[in-house]
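Engineer: From first to last, the protein sequence lines are chains L and R.
Each number in this note's numbering corresponds to the 1-based position in the first sequence with 44 added.
Each number in this note's numbering corresponds to the 1-based position in the second sequence with 880 added.
All residues carry an ideal CB built from backbone N, CA and C; glycine is no exception.
These figures come from a predicted structure and were not determined experimentally.
My questions will all concern the structure given below.
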Amino acid sequence: MGREVAESCVDTMLMEMVAMYSGRFYANKPELAARRIEAIGYQVGHQLSERYTMERPRFSDHLEAIKFICKDFWSEVFKKQIDNLKTNHRGTFVLQDNKFRWLSRVSIDPSSTSGETEDPSTPGESKAAQAVSMYLYFPCGIIRGVLSNLGIPCAVSADISSLPTCSFVIRVKA
Amino acid sequence: MIVCVAVVGHQNNPLYIQSFTDADDALKLHHIVHCSLDVIEERVNNPKKSGTTLNEAFLGLLYPTVYYKVYGYLTNTKVKFILVTTDLDVRDTDVRTFFRKFHAAYVDAVSNPFHVPGKKITSRTFAQTVSNIVGSYGLN
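What follows is the structure, given as structure tokens:
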């Protein structure tokens, strides 16, 4: 049995990782920072998938692998399951988590969200959205790592139009 | 007695091969492991519908040669474990237990952040754990 650490350590490490990569290493290049964080997530997902698929029989198709992510994998990593899974049966899956654990402590500036839902040009809102989006590259990388280790190459992106609900869009590459 | 264990990645690249006898030629054992990869592919792509579960990880006896028996195990991540043994009577439960412990050791070795996925496993701890598992094989 492995040793346990407090969850606040994970939270602190994630915050620090995003701060270091977007503030120090790639200070004015958010694209590169995002790509680097996503690559770290990819390796973590790769390794976690080995551990969490150990006891299970092999998956027969893509949908079973996605269901594994929604139920078992999400419970292991985030202590809850995905709340809603949608698919268009043509390789796109949307995983919706109504209270994403790693964003649960992010404060949303009330002045920028009061009624201005349709105006993307407000600088306050776009900065807040961009700040939060940096925290989502890591979980996107994790999901991509898990799926590619199960033999399903894909692209994963996150959608935070309504916090704290977070949706992950998985596009399987044919 | 187990003579050889091997871990092969999903592109049939060898990740770990270890033989446990000095007498036999290591190359011959590598060759046996290599041939058994074909058998695994066949077994996975043409499942026998007579009772064997379609998606089980443990593949069972792959093929017997004159002196050896070869057992296979395929993980969810398409990594293959191969076991070559010279025992004449092998209990199914023993082999399954072996693969379960081996899988646990493999997962621990791969979770090492310094391990590059796709490259050979160079962890001494893994080699030690595998020797222990091989040593305790069939001792009960």
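#1: Taking the continuous beta strand (DSSP E) assigned at residue 898(R), which residues delimit it?
#2: Using CA atoms only, rank isn't needed, just tell me which of 885(R), 951(R), 884(R) and 955(R) is closest to residue 104(L).
#3: Over the uninterrupted beta strand (DSSP E) stretch that includes residue 140(L), give me the two end residues.
#4: To the nearest angstrom, how far is it from the Cα of residue 159(L) to the Cα of residue 893(R)?
#5: I need the DSSP call for residue 959(R), collapsed to helix, strand or coil.
#6: Please report the distance separating the alpha-carbon of residue 198(L) from that of residue 1017(R).
#7: Mind checking if residue 195(L) is an interface residue toward chain R, Cβ cutoff 7 Å exclusive?
#8: Measuring CB to CB, does residue 200(L) end up less than 7 Å from residue 187(L)?
#9: Does residue 944(R) pass the burial test, meaning 16 or more other C-beta atoms within 10 Å, or should it be called exposed?
#10: Does residue 64(L) get closer than 7 Å to chain R when you measure Cβ to Cβ?
#11: Would you report the Cα separation of residue 977(R) and residue 968(R), rounded to the nearest angstrom?
#12: Beta-carbon of residue 966(R) versus every beta-carbon of chain L: anything under 7 Å?
#13: Would residue 987(R) and residue 57(L) qualify as a contact pair, given that the criterion is a beta-carbon distance under 7 Å?
#14: Who are the near neighbours of residue 905(R) in its chain, counting only those whose CB is closer than 7 Å to its CB and skipping five residues on each side?
#15: Taking Cβ positions only, does residue 936(R) come closer than 7 Å to chain L?
#16: Could you tell me which residues DSSP puts in a beta bridge with residue 201(L)?
#17: At a Cβ threshold of 7 Å, is residue 82(L) touching chain R?
#18: Measuring straight from C-alpha to C-alpha, what distance separates residue 172(L) and residue 122(L)?
#19: Looking at the structure shown, is residue 50(L) part of a helix, part of a strand, or coil, going by DSSP?
#20: Quick check on residue 891(R): buried or exposed, where buried means 16 or more other Cβ atoms within 10 Å of its Cβ?
#21: Examine chain R for any beta-carbon lying closer than 7 Å to the beta-carbon of residue 163(L), and answer yes or no.
#22: For residue 131(L), does the three-state DSSP call read helix, strand or coil?
#23: Under a Cβ-count criterion, where at least 16 other Cβ atoms within 10 Å of its own Cβ denotes burial, should residue 102(L) be classed as buried or exposed?
#24: Sort 995(R), 1006(R) and 900(R) by Cα distance to residue 87(L) and report the nearest one.
#25: Just grab the DSSP bridge partners of residue 885(R) for me.
#26: State buried or exposed for residue 993(R), treating a residue as buried only when at least 16 other CB atoms are found within 10 Å of its CB.
#27: If you run the structure through DSSP and keep just helix, strand and coil, what is residue 950(R)?
#28: Confirm, please, whether the CB-CB distance from residue 65(L) to residue 50(L) is below 7 Å.
#29: What span of residues does the alpha helix (DSSP H) with residue 986(R) cover, start to end?
#30: Leaving out five residues on either side along the sequence, give the residues of the same chain with a beta carbon under 6 Å from the beta carbon of residue 180(L).
#31: CA-CA distance, residue 96(L) and residue 916(R)?
#32: Taking only beta-carbon positions, decide if residue 997(R) is within less than 7 Å of chain L.
#33: According to the Cβ coordinates, are residue 942(R) and residue 919(R) closer than 7 Å?
Structural biologist: The relevant details are as follows:
#1: Mapped onto the second sequence, residue 898(R) falls at position 18. Following the DSSP letters along the chain, one finds residue 898(R) inside the beta strand (DSSP E) bounded by residues 894 to 899.
#2: Indexing the first sequence from 1 puts residue 104(L) at position 60. Of the listed residues, the one whose Cα sits closest to residue 104(L) is 955(R).
#3: Position 96 of the first sequence, counting from 1, holds the residue named residue 140(L). Secondary structure note for residue 140(L): its beta strand (DSSP E) is the uninterrupted segment 136 to 141.
#4: By 1-based counting over the first sequence, the position of residue 159(L) is 115. By 1-based counting over the second sequence, the position of residue 893(R) is 13. Legend: pLDDT at residue 159(L) = 45, less than 50; position of this residue unreliable, value from coordinates given subsequently. Straight-line spacing of the CA atoms in residue 159(L) and residue 893(R) works out to 57 Å.
#5: The residue given as residue 959(R) occupies position 79 in the second sequence. Correct three-state label for residue 959(R): coil.
#6: The count along the first sequence starts at 1 and reaches residue 198(L) at position 154. The count along the second sequence starts at 1 and reaches residue 1017(R) at position 137. Residue 198(L) and residue 1017(R): Cα-Cα distance of roughly 40 Å.
#7: Locating residue 195(L) in the first sequence gives position 151, counting from the first residue. Cβ-Cβ to chain R under 7 Å: yes for residue 195(L).
#8: Within the first sequence, the letter at position 156 stands for residue 200(L). Within the first sequence, the letter at position 143 stands for residue 187(L). Note that the C-beta distance between residue 200(L) and residue 187(L) is below 7 Å.
#9: For the purposes of this step, residue 944(R) is taken as the residue at position 64 of the second sequence. Here residue 944(R) is exposed. Its C-beta has fewer than 16 other C-beta atoms within 10 Å.
#10: For the purposes of this step, residue 64(L) is taken as the residue at position 20 of the first sequence. So no, residue 64(L) is outside the interface.
#11: For the purposes of this step, residue 977(R) is identified with residue 97 of the second sequence, where counting begins at 1. For the purposes of this step, residue 968(R) is identified with residue 88 of the second sequence, where counting begins at 1. Using only the alpha carbons, I get a separation of about 18 Å.
#12: Residue mapping note: residue 966(R) aligns to position 86 of the second sequence, counting from 1. False, the Cβ-Cβ gap to chain L never drops below 7 Å.
#13: Taking the first residue of the second sequence as 1, we reach residue 987(R) at position 107. Taking the first residue of the first sequence as 1, we reach residue 57(L) at position 13. The answer is no: Cβ separation not under 7 Å.
#14: Indexing the second sequence from 1 puts residue 905(R) at position 25. If the five residues before and after residue 905(R) are omitted, its C-beta is found closer than 7 Å to no C-beta atom of its own chain.
#15: Residue 936(R) sits at position 56 when you count from the first residue of the second sequence. Residue contact check for residue 936(R) against chain L: a CB pair falls below 7 Å.
#16: Start at 1 with the first residue of the first sequence, and residue 201(L) comes out as number 157. Residue 201(L) is bridged to 213(L).
#17: Taking the first residue of the first sequence as 1, we reach residue 82(L) at position 38. No - not a single Cβ of chain R is within 7 Å of the one on residue 82(L).
#18: Counting from 1 along the first sequence, the entry for residue 172(L) is found at position 128. Counting from 1 along the first sequence, the entry for residue 122(L) is found at position 78. Taking the straight line joining both Cα atoms gives about 24 Å.
#19: Position 6 of the first sequence, counting from 1, holds the residue named residue 50(L). Shown here, residue 50(L) sits in coil according to DSSP, grouped into three states, outside any helix or strand.
#20: In the second sequence, counting from the first residue as 1, residue 891(R) sits at position 11. By the 10 Å Cβ count, residue 891(R) comes out exposed.
#21: Translated into positions along the first sequence, residue 163(L) becomes position 119. Residue placement at residue 163(L) is poorly supported in this model, since its pLDDT is 47, which falls under 50; the coordinates are not used for a value here.
#22: Sequence index remark: in the first sequence, residue 131(L) carries index 87 (1-based). The three-state reading of DSSP puts residue 131(L) in strand, counting E and B together.
#23: As a working mapping, residue 102(L) is identified with position 58 in the first sequence. Buried, by the Cβ-count rule.
#24: Reading the first sequence from its first residue, position 43 is the one you call residue 87(L). 995(R) is the residue among 995(R), 1006(R) and 900(R) whose C-alpha sits nearest the C-alpha of residue 87(L).
#25: Within the second sequence, the letter at position 5 stands for residue 885(R). Residue 885(R) pairs with 898(R) and 963(R).
#26: As a first step, residue 993(R) must be located in the second sequence, where it is residue number 113. Residue burial annotation: residue 993(R) is exposed, with fewer than 16 other C-beta atoms found within 10 angstroms of its C-beta.
#27: Along the second sequence, read from residue 1 onward, the residue named residue 950(R) stands at position 70. Strand at residue 950(R).
#28: Position 6 of the first sequence, counted from the first residue, corresponds to residue 50(L). Position 21 of the first sequence, counted from the first residue, corresponds to residue 65(L). Taking a C-beta distance under 7 Å as the contact criterion, residue 50(L) and residue 65(L) do not qualify as a contact pair.
#29: On the second sequence, residue 986(R) is found 106 positions in, with the first residue counted as 1. 972 to 990 is the span of the alpha helix (DSSP H), which, as asked, contains residue 986(R).
#30: Your numbering for residue 180(L) matches position 136 in the first sequence. Apart from the 5 residues on each side of it in sequence, residue 180(L) sits with its Cβ closer than 6 Å to the Cβ of 202 in its chain, given in chain order.
#31: Counted from its first residue, the first sequence places residue 96(L) at position 52. Counted from its first residue, the second sequence places residue 916(R) at position 36. Rounded to whole angstroms, residue 96(L) and residue 916(R) show a C-alpha spacing of 27 Å.
#32: If you number the second sequence from 1, residue 997(R) lands on position 117. For residue 997(R), the answer is yes, since a Cβ of chain L falls inside 7 Å of its Cβ.
#33: Your numbering for residue 942(R) matches position 62 in the second sequence. Your numbering for residue 919(R) matches position 39 in the second sequence. In this structure, residue 919(R) lies closer than 7 Å to residue 942(R) by Cβ.
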